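Each residue of the sequence shown is one higher than the one before, counting from 2 in this note's numbering.
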Amino acid sequence: MLTGAAPIRQLDAHAVDELTETAQKILADFGSSAARPELLRRVAVSAARLGETIRYHCRPVDTDDGLFVLRGLPADDAGIGPTPTSWATAGDRAAEWDVILLLLATAMGHPIAWEGQQEGRFVHNIVPSPGREEEQTGASSTVLLSPHTEDAFHPGRAHLLLLACMRNHDAVATTAASIRKVRLSPDDDALLSRPVLPILPDDAYAEAQSFAGEPPKVPVLWRTADGPTLRYDPAYTPLDEAPADYRAAYDRLTAELERVSVAVALEPGDVLVVDNDQIVHGRVPFKARYDGADRWLKRASVRVPGRRSRPLAEADEHGYGQAALVAHI
Numbered sequence: 002m003l004t005g006a007a008p009i010r011q012l013d014a015h016a017v018d019e020l021t022e023t024a025q026k027i028l029a030d031f032g033s034s035a036a037r038p039e040l041l042r043r044v045a046v047s048a049a050r051l052g053e054t055i056r057y058h059c060r061p062v063d064t065d066d067g068l069f070v071l072r073g074l075p076a077d078d079a080g081i082g083p084t085p086t087s088w089a090t091a092g093d094r095a096a097e098w099d100v101i102l103l104l105l106a107t108a109m110g111h112p113i114a115w116e117g118q119q120e121g122r123f124v125h126n127i128v129p130s131p132g133r134e135e136e137q138t139g140a141s142s143t144v145l146l147s148p149h150t151e152d153a154f155h156p157g158r159a160h161l162l163l164l165a166c167m168r169n170h171d172a173v174a175t176t177a178a179s180i181r182k183v184r185l186s187p188d189d190d191a192l193l194s195r196p197v198l199p200i201l202p203d204d205a206y207a208e209a210q211s212f213a214g215e216p217p218k219v220p221v222l223w224r225t226a227d228g229p230t231l232r233y234d235p236a237y238t239p240l241d242e243a244p245a246d247y248r249a250a251y252d253r254l255t256a257e258l259e260r261v262s263v264a265v266a267l268e269p270g271d272v273l274v275v276d277n278d279q280i281v282h283g284r285v286p287f288k289a290r291y292d293g294a295d296r297w298l299k300r301a302s303v304r305v306p307g308r309r310s311r312p313l314a315e316a317d318e319h320g321y322g323q324a325a326l327v328a329h330i
């Protein structure tokens, strides 16, 4: 695994001032809750007025890396307060960053939220939580968070994922691997392009896990005009139900993703932008102290209107009863 290999898009001082001042004005007018409809409406209007420099940096991912780091925004370690021990206790901490992230997300597409996750918030707090150290969710710490497509179980999953670093004193790395860099045989490619197994809802969606509908079988790989894309979450894929040749092909894909994986240790103020159709991402294990200084990220999910990067058959999936809320006012 390589370390730190991620394209950088550096914001200049003028762009940083424009973003932070716009966020501060929105908060002054509407209060701290990023979930209020009137705040979301103002974000949409304000994002449309952002300058050309910011909009250029928010252009689509344009390399086979499948990601980039937007750098230059300041994160005040003292001002944001201690790292919460759960998303549920985070409330509106570091609210200015919630609005900055929504402005960037709206410049890239339509921010989405999930009714069944973090109370329908459009910006999630990703922090280690006591008692959840070994889960395959963002609240874990002591285990490797396996590389995965974000919300892979759902046909309405994000096209882009934004991860903003509030704090990372221990340089805990986010891992990422691009399907555009793997080498697979034509036979493996053909096998994994068939809808053989479902991807089940992860532990962050308790209600979806009890959904009564038949889990739809989905392909792992497919081709687009821009290159191969994937839908991948081995921790929630019942591989023991597949034929041996399919499991072997899946294992070879997993090995290839590990071979091309990079480890990106985000710095405070960094915003990692990931193409969710091209990249699987995860996190290395670490020891949480729960002392207010642990790693803290904020996450926003984005759909890109008009993007055609997924099989048409996904339109028939039930999504395990989960509904996405779309901020496209």
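Even for Gly, the Cβ is constructed at its ideal location relative to N, Cα and C. Predicted, not measured: the structure shown is a model, and the values here were computed from it.
- Ranked by Cα distance from E268, the options C166, D246 and S262 are led by C166.
- Between I180 and L231, the CB-CB gap stays under 7 angstroms.
- When DSSP states are grouped into helix, strand and coil, I101 belongs to the helix group.
- Remark: three or more beta-carbon pairs, one from each stretch, lie closer than 8 angstroms, so the stretch 122-139 and the stretch 195-206 are flagged as touching.
- The beta carbon of L193 is closer than 8 angstroms to those of L185, P220, V221, L222, Y247, A250, Y251 and L254 in its chain, skipping five residues each way along the sequence.
- The beta strand (DSSP E) runs of length 3 or more contained entirely in the stretch 33-80 are, from start to end of the chain, 68-72.
- In the three-state scheme derived from DSSP, where H, G and I count as helix and E and B as strand, D152 is classed as coil.
- Looking only at V144, H111 and D93, the smallest Cα-Cα distance to Q119 is reached by D93.
- If the five residues before and after N169 are omitted, its C-beta is found closer than 6 angstroms to the C-beta atoms of L267 and R296, all from its own chain and listed in chain order.
- One thing to note: P148 has its Cβ within 7 angstroms of the Cβ of L258.
- H319 sits in coil when the DSSP states are folded into three classes, being neither helix nor strand.
- The way I'd put it, the stretch 157-166 doesn't touch the stretch 236-245; fewer than three beta-carbon pairs between them come closer than 8 angstroms.
- By the CB criterion at 7 angstroms, I127 and A24 fall outside the cutoff.
- With 16 or more other CB atoms across the displayed protein chains lying within 10 angstroms of its CB, V272 is buried.
- With contact defined as three or more Cβ pairs closer than 8 angstroms, the stretch 55-73 and the stretch 271-291 are in contact.
- R309 and R290 have their C-alpha atoms spaced approximately 43 angstroms apart.
- With fewer than 16 other Cβ atoms from the protein chains shown falling within 10 Å of its own Cβ, H15 counts as exposed.
- In this structure, the alpha-carbon of L164 lies about 21 angstroms from that of L28.
- CA-to-CA, the gap between P8 and A213 works out to about 43 angstroms.
- Within the same chain, and ignoring the five residues on either side of W88 in sequence, the residues whose Cβ sits closer than 6 angstroms to its Cβ are Q119 and N126.
- About 5 angstroms separates the CB atoms of L103 and V44; that is less than 8 angstroms, so the two are in contact.
- Pairing H155 with Q279 gives a Cβ-Cβ distance that is not under 7 angstroms.
- For A108, the closest C-alpha among the options R304, R284, Y321 and E97 is that of R304.
- Burial state of L240 is exposed, judged by a 10 Å Cβ sphere holding fewer than 16 other Cβ atoms.
- Of the residues K288, P229, D13 and A178, the one whose Cα lies closest to the Cα of A191 is P229.
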